[in-house]
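Colleague: Chains A and B supply the protein sequences, listed in that same order.
With the UniProt record's numbering, you'll find the first sequence wraps up at 253, consecutive numbering, no jumps.
With the UniProt record's numbering, you'll find the second sequence wraps up at 266, consecutive numbering, no jumps.
Heads up, the beta-carbon is just placed ideally off N, CA and C, and yes, glycines get one too.
Being a predicted model, the structure only gives us computed values, none of them experimental.
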Amino acid sequence: MATHRSCALWSYCGRRWSRLMRCCRLPGFRSSWPRGPLGARHLSQEKQATETHFGFETVSEKEKGGKVYHVFESVAKKYDVMNDMMSLGIHRIWKDLLLWKMHPFPGTQLLDVAGGTGLAWVLGDAEELPFDDDKFDVYTIAFGIRNVTHIDQALQEAHRVLKPGGRFLCLEFSQVNNPLISRLYDLYSFQVIPVLGEVIAGDWKSYQYLVESIRQFPSQEEFKEMIEDAGFEKVTYESLTSGIVAIHSGFKL
Amino acid sequence: MATLLRSALRPLRQLGGRRGPAADVRLRGVRHGAGLLYPGHIPTSPLQKLLLAAGSAGMSLYNPYRHDMVAVLGETTGHRALKVLRDQMRKDPEGAKILQERPRISLSTLDLDKLRSLPEGSFGQEYLRFLDVNRVSPDTRAPTRFVDNEELAYVIQRYREVHDMLHTLLGMPTNILGEIVVKWFEAVQTGLPMCILGALFGPIRLSAQSLQVLVSELIPWAMQNGRRAPCVLNLYYEQRWEQPLLALRAELGITEPPTVHVRGPA
Chain A
1 MATHRSCALW SYCGRRWSRL MRCCRLPGFR SSWPRGPLGA RHLSQEKQAT ETHFGFETVS
61 EKEKGGKVYH VFESVAKKYD VMNDMMSLGI HRIWKDLLLW KMHPFPGTQL LDVAGGTGLA
121 WVLGDAEELP FDDDKFDVYT IAFGIRNVTH IDQALQEAHR VLKPGGRFLC LEFSQVNNPL
181 ISRLYDLYSF QVIPVLGEVI AGDWKSYQYL VESIRQFPSQ EEFKEMIEDA GFEKVTYESL
241 TSGIVAIHSG FKL
Chain B
1 MATLLRSALR PLRQLGGRRG PAADVRLRGV RHGAGLLYPG HIPTSPLQKL LLAAGSAGMS
61 LYNPYRHDMV AVLGETTGHR ALKVLRDQMR KDPEGAKILQ ERPRISLSTL DLDKLRSLPE
121 GSFGQEYLRF LDVNRVSPDT RAPTRFVDNE ELAYVIQRYR EVHDMLHTLL GMPTNILGEI
181 VVKWFEAVQT GLPMCILGAL FGPIRLSAQS LQVLVSELIP WAMQNGRRAP CVLNLYYEQR
241 WEQPLLALRA ELGITEPPTV HVRGPA
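#1: Within its chain, find whatever has a CB closer than 8 Å to the CB of A:Gly231; leave out the 5 residues flanking it on each side and keep chain order.
#2: Per DSSP, which one or two residues make a beta bridge with A:Cys170?
#3: Using a Cβ-Cβ cut-off of less than 8 Å, list which residues of the region 148 to 162 of chain B approach chain A; keep chain order.
#4: Once DSSP output is grouped into helix, strand and coil, what is the label at A:Trp121?
#5: How many angstroms separate the CA atom of B:Met165 from the CA atom of B:Tyr237?
#6: Is A:Trp204 closer than 9 Å to A:Val195 when the C-beta atoms are compared?
#7: Identify every residue that forms a DSSP beta bridge with A:Thr58.
#8: B:Met194 versus chain A: which residues are under 9 Å apart at the beta carbon?
#9: Got a sec: is the Cβ-Cβ distance from A:Lys205 to anything in chain B below 9 Å?
#10: So who's on the other strand from A:Leu111, going by DSSP bridges?
#11: Look at the Cβ atom of B:Ala229, then the Cβ atom of B:Gly198, and state whether they are nearer than 9 Å.
#12: How do the region 135 to 151 of chain A and the region 175 to 192 of chain A stand: do at least 3 beta-carbon pairs fall below 8 Å, yes or no?
#13: Please list the partners that A:Gly202 has in chain B, where partner means a Cβ-to-Cβ separation under 7 Å.
#14: Would you say the beta carbon of A:Thr236 comes nearer than 8 Å to a heavy atom of the ligand ADP?
#15: Let me make sure I understand the geometry here. Which of B:Leu214, B:Val215 and B:Gly191 has the alpha-carbon closest to that of B:Leu85?
#16: With a threshold of 9 Å between beta carbons, is A:Glu225 in contact with chain B?
#17: Assuming A:Tyr207 is part of the beta strand (DSSP E), what are its boundary residues?
#18: Distance cutoff 9 Å, beta carbons only. Does residue 257 of chain A sit that close to anything in chain B?
#19: How is the alpha helix (DSSP H) around B:Lys114 delimited, first residue to last?
#20: Which same chain residues, not among the five before or five after A:Gly124, have their C-beta less than 6 Å away from its C-beta?
#21: According to the neighbour-count rule (16 or more other Cβ atoms, all chains shown, within 10 Å of its Cβ), is A:His248 buried or exposed?
#22: What are the boundary residues of the beta strand (DSSP E) that A:Tyr237 is part of?
#23: Keeping to the same chain, check which residues put their C-beta closer than 8 Å to that of B:Glu246; ignore five residues upstream and five downstream.
#24: Give the range of the alpha helix (DSSP H) segment to which B:Val72 is assigned.
#25: Classify B:Pro257 as helix, strand or coil using the three-state DSSP reduction.
#26: Just to confirm, are B:Arg90 and B:Leu99 a CB contact at a threshold of 9 Å?
#27: Are B:Glu242 and B:Phe146 closer than 9 Å when you measure CB to CB?
#28: Name the two residues that bound the continuous alpha helix (DSSP H) containing A:Trp100.
#29: Less than 9 Å between the C-beta atoms of A:Phe223 and A:Ser189, yes or no?
#30: Could you tell me which whole alpha helix (DSSP H) segments of length 4 or greater appear in the region 179 to 234 of chain B?
#31: Among residues of its own chain, excluding the 5 on either side of A:Leu162, which ones have a beta-carbon nearer than 6 Å to its beta-carbon?
#32: How many angstroms separate the CA atom of A:Met226 from the CA atom of A:Glu51?
#33: On the three-pair Cβ rule with 8 Å, is the region 209 to 224 of chain B touching the region 182 to 196 of chain B?
#34: Scan the region 32 to 56 of chain B for residues whose Cβ lies nearer than 8 Å to a Cβ of chain A and list them as they occur along the chain.
#35: So that I know if they touch, is there some Cβ in chain B lying closer than 9 Å to that of A:Glu51?
#36: Would you mind stating whether A:Leu169 and A:Leu98 have Cβ atoms separated by less than 9 Å?
Right, dumping it as structure tokens:
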């Protein structure tokens, strides 16, 4: 495991490189990832003045990364327990379906972004990945891209680091397609989830952010178009659990 | 339950398609500046309050070290009792002054050196001794969040901050037995559901011996004194540091406290 200072440590085990993130301050690295620190932005200084959303709040783009970081710093300890409580264990099925769709086999070079803990990990920024071009067979991101400040940049980076023929897979909250279920889902999201966060984790606000950020994320079709804009082809999506989540897939051809 | 669901669903009907800040003003607009009644305020629907009350009650029983849950229970169930307390304070001259001046008790507002220099047996001295012996600080009280009235939010904050004063007045340590005794006193004094629940369920984890002492001596004493004393929130404690503790007890009609061992398991 890397120490607090050294951040580019990874090991690969056999057939799979799994790059996972941990928080660490490193000058020169900006991060708008969950669990990443906020460093200085070197590009687009003029963008600092523009605003974006943080849940239903409006914040400057500069602030957003830091605020997201604090949310994930706060929820880290009870992350797994809360996921099970909030989704009644169903998040495991979603993740299993993602793996199933992926059909990884021995030799697959896989990059899992915003992954949390695991085998080997590297600190980086989804908007500026510390990898060369054309490196990976598969790029996955599960419940991470929603929190990135510039989703388009994250998608462009995904495209860059994938080999030709490589596949982009994203599991993320999406828009519910059934009006009745949508109302129940909203009721559950806004009335129950922050309460669960408060009672179990002592943290109302992070879970308020969670349910709000889900509403701010583009719909299945809109996100599909964003993925196409980044250069991916054969982009498809599959809604799960009435559209509560969706798996988007695209290829770099 | 149906009314709660309906009232919770009402603001949600405005949601549709892409939700942005504008669409959810009724549900969320209060969050960001507008509509917040005090710093740290989190507005909640009746359904959320109900769920919070149930969840915090369960969690407090399951994990008694979750003091934040006890606080949440107090806030979500205390509306009626807080109004009664507030009205009692308004009617009393000292209480009304407190409501007006809104004093806060914390390490930053207390002049510890001055308290230490006070004569032996004074309320201020005894309070300080209580903090030292029990190794507690006045700064561990959680700020109010779920009370939807700014004045009542202060009242419950004041109740929380005065809790340590009550320990001093009642001569009770901060072990589980001492806390239960204070809770019984507070339950009778304030009528806060959280105090009543804490008084009734707190003893669940006690040994038979402690339970015996509690029921035979301590609870009757706490209840008698709780009923006899005037509303303890009407005392401007910060202006009574010099008053001898015994004189203050006499003023409130609090009799000699029975001895509760400071050390040892409950």
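Modeller: Reading from the atomic positions:
#1: Cβ neighbours of A:Gly231 beyond the five flanking positions: Gln156, His159 and Lys252.
#2: Partner(s): A:Ile141 and A:His248.
#3: For the region 148 to 162 of chain B, the set of positions with a beta-carbon nearer than 8 Å to some beta-carbon of chain A is empty.
#4: If DSSP states are grouped into helix, strand and coil, A:Trp121 belongs with the strands.
#5: Spanning the two alpha carbons is a distance of roughly 8 Å.
#6: Between A:Val195 and A:Trp204, the C-beta spacing is below 9 Å.
#7: Note: A:Thr58 sits in a beta bridge opposite A:His53.
#8: Correct list: empty, because the minimum Cβ distance to chain A is about 15 Å.
#9: At a cut-off of 9 Å between beta-carbon atoms, A:Lys205 makes contact with chain B.
#10: Under DSSP, A:Leu111 forms a beta bridge with A:Tyr139.
#11: Not in contact: B:Ala229 and B:Gly198 (Cβ atoms no closer than 9 Å).
#12: By the Cβ rule, the region 135 to 151 of chain A does not count as touching the region 175 to 192 of chain A, because fewer than three pairs are nearer than 8 Å.
#13: Correct list: Asp68.
#14: Although the ligand ADP was asked about, the structure shown includes no ligands whatsoever.
#15: Taking only the C-alpha atoms, the option nearest B:Leu85 is B:Gly191.
#16: For A:Glu225, no CB of chain B lies under 9 Å from its own CB, so it is not counted at the interface with that chain.
#17: Unbroken run through A:Tyr207 is the alpha helix (DSSP H), Trp204 to Gln216; no beta strand (DSSP E).
#18: Here chain A comprises residues numbered 1 to 253, so residue 257 of chain A is not present and cannot be evaluated.
#19: Element bounds for B:Lys114: Leu112 to Arg116.
#20: Closer than 6 Å at the Cβ level, and outside the excluded window around A:Gly124, lie Pro130.
#21: By the 10 Å Cβ count, A:His248 comes out buried.
#22: Segment Glu233 to Leu240, the beta strand (DSSP E) holding A:Tyr237.
#23: First, the residue type needs correcting, since residue 246 of chain B is Leu and not Glu in the sequence shown. Within the same chain, B:Leu246 has close Cβ partners Gly121.
#24: Element bounds for B:Val72: His67 to Thr77.
#25: Three-state result, B:Pro257: coil.
#26: A contact, by the Cβ cut-off of 9 Å.
#27: Between B:Glu242 and B:Phe146, the CB-CB gap reaches or exceeds 9 Å.
#28: Ile90 to Met102 is the span of the alpha helix (DSSP H), which, as asked, contains A:Trp100.
#29: Note that the C-beta distance between A:Phe223 and A:Ser189 is not below 9 Å.
#30: Within the region 179 to 234 of chain B, the runs of alpha helix (DSSP H) at least 4 residues long that lie entirely inside it are, in chain order, 193 to 201, 208 to 213 and 219 to 228.
#31: Its chain contains Phe136, Tyr139 and Lys252 as the residues whose beta carbon lies nearer than 6 Å to that of A:Leu162, once the 5 sequence neighbours on both sides are disregarded; these appear in chain order.
#32: Each residue's Cα considered, the two are about 20 Å apart.
#33: Short answer: they touch.
#34: From the region 32 to 56 of chain B, only His32, Ile42, Ser45, Leu47, Gln48, Leu51, Leu52, Gly55 and Ser56 have a Cβ closer than 8 Å to chain A.
#35: Using a CB distance cut-off of 9 Å, A:Glu51 does not count as an interface residue toward chain B.
#36: A contact, by the Cβ cut-off of 9 Å.
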